[in-house]
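Protein chains in written order, with the working numbering: chain A, 124 to 301; chain B, 36 to 127; chain C, 25 to 198. By construction, the Cβ of each residue, glycine as well, lies at the ideal position given by its N, Cα and C atoms. Input: a single structure, listed below in structure tokens.
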Amino acid sequence: MTLIADEVEIEGPDPLARARSGDGEAFAELLAEHESMVYSLAYHFFNDRDRAADIAQDVFLQLYRSLVDIDSHAHLVHWLRQVTTRRCIDQLRRRRLRPVPIEEAEHLSSPSGDPTLGRALRQLVATLPESQRLVVTLRYQEDLGPEEISRIAGMRLNTVKSHLHRALRSLRRMLEGS
Amino acid sequence: MNLEDELKLALRRKEPPPGFRQRVLAATRRPRHPFRNLAAAALLTLLVGGTTAHFIEERREGERAKEQVLQALRITSHELRDTRQHIHELTK
Amino acid sequence: MRKAFLALLIFAVTTPLQAQKVTIDIPGLAEKAREVVDITLDAQMLRLASKFLSSSDEDERAVRGIVSKLEGIYVRSYEFDKEGEYDHTVVDKVRAQLGPSWKKIVNVRSKSKKDAEIYLDMRGGDQPLGLLVISAEPRQLTIVNIVGPIDLDQLSHLEGEFGIPKMSKRGDHE
Chain A
124 MTLIADEVEI EGPDPLARAR SGDGEAFAEL LAEHESMVYS LAYHFFNDRD RAADIAQDVF
184 LQLYRSLVDI DSHAHLVHWL RQVTTRRCID QLRRRRLRPV PIEEAEHLSS PSGDPTLGRA
244 LRQLVATLPE SQRLVVTLRY QEDLGPEEIS RIAGMRLNTV KSHLHRALRS LRRMLEGS
Chain B
36 MNLEDELKLA LRRKEPPPGF RQRVLAATRR PRHPFRNLAA AALLTLLVGG TTAHFIEERR
96 EGERAKEQVL QALRITSHEL RDTRQHIHEL TK
Chain C
25 MRKAFLALLI FAVTTPLQAQ KVTIDIPGLA EKAREVVDIT LDAQMLRLAS KFLSSSDEDE
85 RAVRGIVSKL EGIYVRSYEF DKEGEYDHTV VDKVRAQLGP SWKKIVNVRS KSKKDAEIYL
145 DMRGGDQPLG LLVISAEPRQ LTIVNIVGPI DLDQLSHLEG EFGIPKMSKR GDHE
């Protein structure tokens, strides 16, 4: 009996393995696959497109130099999230940036149902203290659970939960326009 | 309004600006990052039969230690320069 | 007796000078702080980190050069929500550990901005063998102790290198 398949899928070495051996196109594939994740983490941390692009570029350049140390796709994703968040925090501390004061941010809140709510939320998230901001971004952008967030951010699990709880409380308060 | 649902919407992933990918790839082609080192390291890994769990763990620890070194030296350097600047301002 | 004394003298002269590690932990402060940076890198961790600093990257090579001679890097940085949340005298215990070989090379006092002290351990003669930085701002306290041969110029020029992103031209908000 002869079976004829409708589709034939030929599996070659995955992009990570090819990129490790020096394949530039494979690295471009990795970039295409993960650029929005890395860029968005930085963007939601700073609410600033230029800064996010700069950080994302540096993360991928560091990845390019460190490819030989990445042993699996799962490791790659974890590595990208971890390095991106560390660069964001490091840059924030280094430049002594202060988040927008809460008093200034309160007027940005919008009633629910308003199409600018998303924009308002992003701006409010950017006013949170850095650890809360980080936890909220990882939780809601990447849909990660507290355990994974604690591994990426190097925080204790209870600390992650506490930051999340406080962040949501602050955001609710600001949105309610107290 | 469910805040968590709204947060998921507000914080969904965005595409980087146009030209981002080209800029990154152009930067990787600069001479100080030759692919030869990567190819040699990958070949060595194959020859010794792949990485052991210990080796993988050591690499992860090493990367973490390296990030901490860089952060520590950045903080130190910043404090030294900030202090120098402060002295300069006070003695103007 | 004389042989023992001579042995001790030879030992003292030929043993390499050991840089001093300063204990910079301040109990109770981390709990009050909003954010804490806590970095502890002994000689073993520094050797491990060095292996992962790229020799083809000019900036990481510079860091590797600095770190290769060090025995430890310790950083504690505490950031608080409000002014007055920490007592500036908490660093007295850190200063109290400094022996006569430690020289204060910078002492800046400013009511509104920042108090800063920089000490070098000069037990090695011309080459400092340790660095202690105490930086006290109204809402932030940072203490850095580096153990090992120090080049202050080299250290202070590191900022602005190794992958620090360029400053954005403007904060582009949606």
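Annotation: Cβ neighbours of T166(C) in chain B (cutoff 8 Å, chain order): I110 and E114. Look at the region 276-301 of chain A: the residues with a C-beta under 7 Å from a C-beta of chain B are L291, L294 and R295. Contact between the region 291-300 of chain A and the region 139-155 of chain A is absent, with fewer than three C-beta pairs closer than 8 Å. Those residues of the region 233-265 of chain A placed with their C-beta closer than 8 Å to a C-beta in chain C are R242, R245, Q246, P252, E253 and S254, ordered along the chain.
For D171(A), the number of other beta carbons within 10 angstroms of its own is at least 16, and it is reported as buried. In this structure, Y166(A) places its C-beta atom within 8 Å of the C-beta atom of A175(A).
Legend: CB atoms of the region 186-207 of chain A lying less than 7 Å from CB atoms of chain C belong to residues R188. Between R58(C) and chain A, the shortest Cβ-Cβ separation is below 8 Å.
Against chain B, the beta carbon of E158(A) has neighbours under 9 Å at E50, P51, F55, R56 and V59, listed in chain order. Closer than 9 Å at the C-beta level to chain A, one finds these residues of the region 63-89 of chain C: F76, S78, S80, D81 and E84. DSSP, read as helix, strand or coil, puts S159(C) in strand. Excluding sequence positions up to five before and after L70(C), its CB lies within less than 6 Å of the CB of V91 and L94, all in the same chain and listed in chain order.
The beta carbon of S273(A) does not come within 8 Å of any beta carbon belonging to chain B, so the residue lies off that interface. Chain C has a Cβ within less than 8 Å of the Cβ of T118(B). Residue environment analysis places G108(C) among the exposed positions, since fewer than 16 neighbouring C-beta atoms fall within 10 angstroms of its C-beta.
Going by DSSP, D171(A) is part of no beta strand (DSSP E) at all; its letter is neither H nor E. Within the model, the alpha-carbon separation for S195(A) versus R204(A) is close to 14 Å. The C-alpha of D66(C) lies about 14 Å from the C-alpha of R100(C). In the DSSP secondary-structure assignment, N131(C) is bridged to E141(C). Annotated three-state conformation of T126(B) is coil, per DSSP.
The secondary-structure analysis by DSSP pairs Y102(C) across a beta bridge with V60(C) and L165(C). Taking the C-beta atoms as reference points, G154(C) is found nearer than 8 Å to V171(C). Contact of K137(C) with chain B by beta-carbon distance below 8 Å involves H121. At a cut-off of 8 Å, the C-beta of L125(B) has no neighbouring C-beta in chain A. L176(C) belongs to the set of residues whose beta carbon lies under 8 Å from a beta carbon in chain B. Of N37(B), D117(B) and P53(B), the smallest CA-CA separation from Q180(A) is found for P53(B). Cβ neighbours of T113(C) within its own chain (closer than 8 Å, five residues either side excluded): none. If you ignore the 5 residues before and after R245(A), its C-beta comes within less than 7 Å of the C-beta of H167 and N170, all in its own chain and listed in chain order.
Following the DSSP letters along the chain, one finds P138(A) inside the alpha helix (DSSP H) bounded by residues P138 to R143. The residue among A54(C), L144(C), P124(C) and I158(C) with its C-alpha nearest the C-alpha of T118(B) is I158(C). Taking C-beta atoms under 8 Å as the contact rule, P51(B) and E158(A) qualify, at a distance of about 5 Å.
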